[in-house]
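Heads up: the sequence shown begins at 13 in the UniProt record's numbering, then just goes up one per residue. Glycine is no exception: its CB is placed at the ideal position from the N, C-alpha and C atoms. Read through the structure below, which is laid out as structure tokens, and then see the notes.
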Amino acid sequence: EVVTLTNRDVQLRRAAENEILKQKETVESDPYRQKYHHMPPVGLMNDPNGLIQWKGTYHFFYQWMPFETAHGAKFWGHYTSNDLIHWKHENIALTPSEVFDQGGVYSGSAVIHNDQLHLFYTGNIDGEQKPETEYQCLAISEDGVTFEKKGIVIETPAGYTAHFRDPKVWKEDQIWYMVVGAQSEDLQGNVLLFSSNDLRNWVMVGPIAGSKQGGLGEFGCMWECPDLFELDGKDLLIVCPQGLEADGMNYANTYQSGYFAGELNKEEGKFSHGHFQELDRGFEFYAPQTMIDEKGRRLLVGWMGVPDQYEQAHPTVENHWIHCMTIPRELKWDGKKIIQAPVPELKEMRGPVLMHSSVTIKNDQKAVRGVQGRAIELNLEFDELEDQFAIELFQYASLSYKDDVLTLSRPHLEDKSKTEFRRVLLDRDLKNLRLFIDHSSLEVFVNEGEEVFTSRIYPQPNEEHILFTSLGATTFSVEKWGLSGYQ
Ligand code: FRU
């Protein structure tokens, strides 16, 4: 069969669908498959893309490499839902089939215009046959499930390298705007702002923020996945800078994900902003994307993974899949930081509650009757916390609190003889912990979402025990729900 560009798309779809079938049994036999998190049907999942609600339906696309548990020529996979709980896996949305995207249909976003779903994405040319390049491209859908590619809308501007990707588009006062992550020729990370009247013709307004700009020192060689939006009167720019050095409790992962709060001047193309704050304190969180839904809420989903951070050490690799997404979070701005809370819809997954209204542990380690399991939600409210407190999960991970510092530890994924840590200094006393536990993940919302820790965990598959430890006296209430999962 001769591979022309018109049948390459068909061939790639067929190959990916065959791969799903071929590995289905192996993938589904993995005890680390999750109950209520998005996972790839096979292969590697990374960034959430094109989050949007259209005519009631939530569309949720994702970066997908069907053929390996490594990065490569990405596809866009696609899930839809009417309630953020029950999800349908749709047909493959986009394949890397064309001359302008054959190295990968990289990350991007969705908007609605003229009653059509418009997807903006980065077409990657990987440098194997032609020099490495990245373009911003457009694909359009009438029905929300089949997409027609319209080709390149923006080429790399002068002064920037081939790292030019991850368009996030929005509309304000009848004008379309797009932010794109870009590396300048002096190898600094930047965010470029573009504007358009028709979504086809774009002009560059300028670099609005970046390393060595706006009072920042050297701050990363590439800024990936920018997202810019107003929340409760503040302009927030989420970015993923690459190349920051670990600094005390901060920047502990290979690459970071966080935000700057400030004011955007769209005419002058300047974003004046404060310092960088990390969105998440766990081991696996990166490339989040936000959307406004039809209720007017600002929702965020992140990738539960970090590029180049010992990815092949995840034990799911042997069963031909890797990575998953976070649960959806609703964002609020409290005047100083972004507050993140699990969307209330997730309560629909709960079974009956098990409630212990007042548990006291003093210089001891204890289980609490009924508080165990692997697809569960826990809510702890602290009445008294004299000295130190810890939750030991499944003889694997531990979440401990001492001297205002909350620490998550787990066996090092690569070298199991070591323990690895992630920490945060809390702004105020520990009052509340809400844990979402799935078969191989943990999401901890601290003090109603002031901090979040997101991580994969790989305890023994049947291990369900949870132990509470206290030095001095700790008195708390604990609620536990079994979570029924998607579908
Ligand atoms: C972030 C990222 C993006 C890119 C995509 C490729 O994880 O590197 O910058 O578009 O992944 O899969």
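Point to revise | Environment of residue 356 [buried if 16+ CB atoms lie within 10 Å] | key: One-based indexing of the sequence shown puts residue 356 at position 344. Per the 10 Å Cβ criterion, exposed.
Exercise for review: Check residue 499 in the structure and name its three-state DSSP category.
Suggested key: To locate residue 499, count along the sequence shown from 1; it is residue 487. Because the pLDDT of residue 499 is 48, which lies under 50, any placement of that residue in the model is unreliable, and the number read from its coordinates should be weighed accordingly. The answer is coil: DSSP assigns residue 499 none of H, G, I, E or B.
Point to revise | 6 Å CB neighbourhood of residue 419 in its chain, flanking five on each side removed | key: Counted from its first residue, the sequence shown places residue 419 at position 407. Answer for residue 419: 412, 433 and 435, listed in chain order.
Practice item. State whether the stretch 358 to 367 contacts the stretch 458 to 468, with contact taken as three or more CB pairs (one from each stretch) at a distance under 8 Å. Key: no
Exercise for review: Consult DSSP for residue 438 and reduce its assignment to one of helix, strand or coil.
Suggested key: Here residue 438 is taken as the residue at index 426 of the sequence shown, counted from 1. Reduced to three states, the DSSP call for residue 438 is coil.
Point to revise | Other residues of its chain near residue 105: CB distance less than 6 Å, five sequence neighbours each side excluded | key: Taking the first residue of the sequence shown as position 1, residue 105 is located at position 93. Same-chain partners within the cutoff: 73, 88, 90 and 159.
Review point. Is residue 144 near the ligand FRU, going by C-beta to nearest heavy atom under 6 Å?
Key: Numbered from its first residue, the sequence shown carries residue 144 at position 132. No, since every heavy atom of the ligand FRU falls outside the 6 Å radius drawn around the Cβ of residue 144.
Point to revise | CB contact flag (residue 181, residue 121, <7 Å) | key: On the sequence shown, residue 181 is found 169 positions in, with the first residue counted as 1. On the sequence shown, residue 121 is found 109 positions in, with the first residue counted as 1. Cβ atoms of residue 181 and residue 121: closer than 7 Å.
Practice item. For residue 372, count neighbouring Cβ atoms within 10 angstroms of its own Cβ and tell me buried if that reaches 16, exposed if not. Key: Indexing the sequence shown from 1 puts residue 372 at position 360. Under this definition residue 372 is an exposed residue.
Check your understanding: Would you report the Cα separation of residue 316 and residue 47, rounded to the nearest angstrom?
Key -> Working through the sequence shown from its first residue, we reach residue 316 at position 304. Working through the sequence shown from its first residue, we reach residue 47 at position 35. Approximately 15 Å between the Cα atoms of the pair.
**Study point:** Neighbourhood of the ligand FRU [Cβ distance below 7 Å to any heavy atom], ordered by chain position
**Key:** 58, 59, 75, 83, 86, 116, 118, 119, 134, 177, 178, 193, 236, 237, 252, 298, 299, 315 and 319
Check your understanding: Where does residue 381 sit, in a helix, a strand or coil, going by DSSP?
Key -> Sequence index remark: in the sequence shown, residue 381 carries index 369 (1-based). Residue 381 falls in the coil class under three-state DSSP.
Practice item. Could you have a look at residue 13 and say whether DSSP puts it in helix, strand or coil? Key: What you label residue 13 is simply residue 1 of the sequence shown in a count that begins at 1. A caution first: residue 13 carries a pLDDT of 49, below 50, which makes its placement in the model unreliable, though a value can still be read off. Coil at residue 13, not helix or strand.
Review point. Looking only at C-alpha atoms, which of 293, 276 and 167 sits nearest to residue 146?
Key: Working through the sequence shown from its first residue, we reach residue 146 at position 134. For the residues 293, 276 and 167, the minimum Cα distance to residue 146 belongs to 167.
Exercise for review: Scan the stretch 183 to 252 and note each continuous beta strand (DSSP E) run of 3 residues or more that stays entirely inside, going in chain order.
Suggested key: 187 to 196, 201 to 208, 214 to 222 and 234 to 243
Review point. Going straight from the alpha carbon of residue 480 to that of residue 449, what length do you get?
Key: What you label residue 480 is simply residue 468 of the sequence shown in a count that begins at 1. What you label residue 449 is simply residue 437 of the sequence shown in a count that begins at 1. Each residue's Cα considered, the two are about 16 Å apart.
Practice item. Below 6 Å CB to CB, which residues in the same chain sit around residue 190 once its five sequence neighbours on both sides are set aside? Key: What you label residue 190 is simply residue 178 of the sequence shown in a count that begins at 1. Hits under 6 Å: 179, 181 and 206.
Review point. Which word fits residue 381, buried or exposed, when buried means at least 16 other C-beta atoms lie within 10 angstroms of its C-beta?
Key: As a working note, residue 381 is residue 369 in the sequence shown. The residue in question, residue 381, is exposed, as its Cβ has fewer than 16 Cβ neighbours within 10 Å.
Review point. From residue 505 to residue 118, what does the alpha carbon distance come to, in whole angstroms?
Key: In the structure as shown, the chain begins at 13 and stops at 499. Residue 505 is therefore absent and cannot be evaluated.
Practice item. Report yes if the CB atom of residue 266 is closer than 7 Å to the CB atom of residue 320, and no otherwise. Key: Here residue 266 is taken as the residue at index 254 of the sequence shown, counted from 1. Here residue 320 is taken as the residue at index 308 of the sequence shown, counted from 1. The answer is yes: Cβ separation under 7 Å.
Review point. Which value, in whole angstroms, describes the spacing of the CA atoms of residue 171 and residue 196?
Key: Against the sequence shown, residue 171 aligns to sequence position 159. Against the sequence shown, residue 196 aligns to sequence position 184. Those two C-alpha atoms are separated by around 6 Å.
Exercise for review: Per DSSP, which residues does residue 470 bridge with? Please list them.
Suggested key: Taking the first residue of the sequence shown as position 1, residue 470 is located at position 458. DSSP, once it has assigned bridges, lists no residue as partnering residue 470.
Check your understanding: Should residue 322 be labelled buried (16 or more other beta-carbon atoms within 10 Å of its own) or exposed?
Key -> Counting from one through the sequence shown, the residue named residue 322 turns up at place 310. Exposed.
Check your understanding: So is the beta-carbon of residue 178 under 6 Å away from any non-hydrogen atom of the ligand FAD?
Key -> Looking for the ligand FAD in the displayed structure turns up nothing; the ligands present are the ligand FRU.
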